[in-house]
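**Student:**
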Amino acid sequence: VITYTTLIDGFCKKGRVWEGLVLVAKMIRDGCHPDTVTYTILIDGLCRVGTVDLGLRLLAQMRLVACFPNIVTYNSLIDGLCKEGRIHESLEVVAKMIQDGWPPNKITYTILIDGLCRVSMVDLALGLAAQMRHVDCSLDIITYNILIDGLCKVDRVEEALELADEMTRDGCFQDIITYSNLIDGLCKVGRVDSAFRLIAEMRHADCSPDIISYTALINGLCKEGRVHEA
RNA sequence: UGACGUGUAUCAA
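In our numbering, the protein residues as written are 313 to 542.
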C-alpha cells in the first residue's frame, strides 16, 4: 500500500492526478487496498488541479469502502475550496469535520485565514487568528506571513509592518517571504524607498533577498518610472 | 517507508 501510495503522491504532486487514479485501479487489482492516506493524496491532487468537486465526490466514495477521512483529508478539501474562493462551503466542511470528531488544527485555521485574505476579507482573517490563540493554536511564521501579505494586498501596509514587529516579539523570525511581502506591499503603495531600506535590512537579518524580493522591488521602481534604478 | 497551510513579475481570459 505504501509503495503504491508513494507513487500516486508523486503523480499528484506533478499535477498528474489522472495517472494517480489509474494507478489506484491497478493497486486494487493487485490486491492492495487504498487507505485513508491514499485517498487523501488523491483528493488533494484533485483540489490542486482545480477540481474540488471531484475531490468531494471521492470523499463520498471512500466512505462507501469504509475508509474514513482524517484531519488531513478535511484540510485538503478546505484548502481546495478556499483557493477557489468558496469560503462558505469550506466552513460547511469545517462544521462536518467537527461533527466527525476532528477539531480544526493550526493548519485548518491557517488555510481559512489564507482563504479569507485571498478574497480581501482581512478583518475576518485577523479575527480568526485571534480565535486561534484561544484554542491554544499559536500563530507560526506561515500564519503571520499570510496575514502580512493579506494586509499588504489591501494596501494596509502600516498594519502589516506592525504585525511584522509583533511576530518578532512573539518569537517568530521574519523570513525571506515576510520581507518580500512587505517589499511588495510598500512598492504598491508607492513607498519604494522604504522598500529599498528593507532590502538592506534583510542582509543584516542574515536573510538575503532572492529573485522574488528583487522582482517586487524592480517592479515597484518601474511602475514609478524609475527605470534606470531598476 | 506514504498525505495537508505562506511571497514577485509577465501573458492570457
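Note that CB positions come from ideal geometry on N, CA and C, so glycine has one too.
Using the beta-carbon count (16 or more within 10 Å), is residue 315 buried or exposed?
**Tutor:** exposed
**Student:** Do the region 465–480 and the region 443–450 touch if we need at least three Cβ pairs shorter than 8 Å?
**Tutor:** no
**Student:** Throw me the rounded Cβ distance for the residue 498 and residue 469 pair, which I believe falls under 8 Å.
**Tutor:** 6 Å
**Student:** Going by beta-carbon coordinates alone, are residue 472 and residue 460 separated by less than 8 Å?
**Tutor:** yes
**Student:** Compute the Euclidean distance between the alpha carbons of residue 430 and residue 401, then round it to the nearest angstrom.
**Tutor:** Whole-angstrom Cα-Cα distance: 15 Å.
**Student:** For residue 397, which of 432, 455 and 385 has the nearest alpha-carbon?
**Tutor:** Per the Cα distances, 432.
**Student:** Using a Cβ-Cβ cut-off of 7 Å (strictly less than) and excluding sequence neighbours within five positions of residue 414, which residues of its own chain qualify?
**Tutor:** 382, 383 and 386
**Student:** Grab the span of the alpha helix (DSSP H) containing residue 317 for me, first residue to last.
**Tutor:** 314–325
**Student:** In terms of residues, what are the limits of the alpha helix (DSSP H) holding residue 508?
**Tutor:** 504–516
**Student:** Which ranges does the beta strand (DSSP E) cover as unbroken runs of at least 3 residues, wholly within the region 465–508, from first to last along the chain?
**Tutor:** Unbroken beta strand (DSSP E) runs of no fewer than 3 residues, entirely contained in the region 465–508, are not found.
**Student:** Which of the three DSSP states, helix, strand or coil, is assigned to residue 372?
**Tutor:** helix
**Student:** The alpha helix (DSSP H) with residue 391 in it runs from where to where?
**Tutor:** 383–395
**Student:** Round the Cβ separation of residue 406 and residue 420 to the nearest angstrom and send it over; I've been treating them as touching at under 8 Å.
**Tutor:** 7 Å
**Student:** Based on Cα-Cα distance, which residue from 390, 360, 365 and 356 lies nearest to residue 417?
**Tutor:** 390
**Student:** Does the separation of the CB atoms of residue 492 and residue 520 fall below 8 Å?
**Tutor:** no
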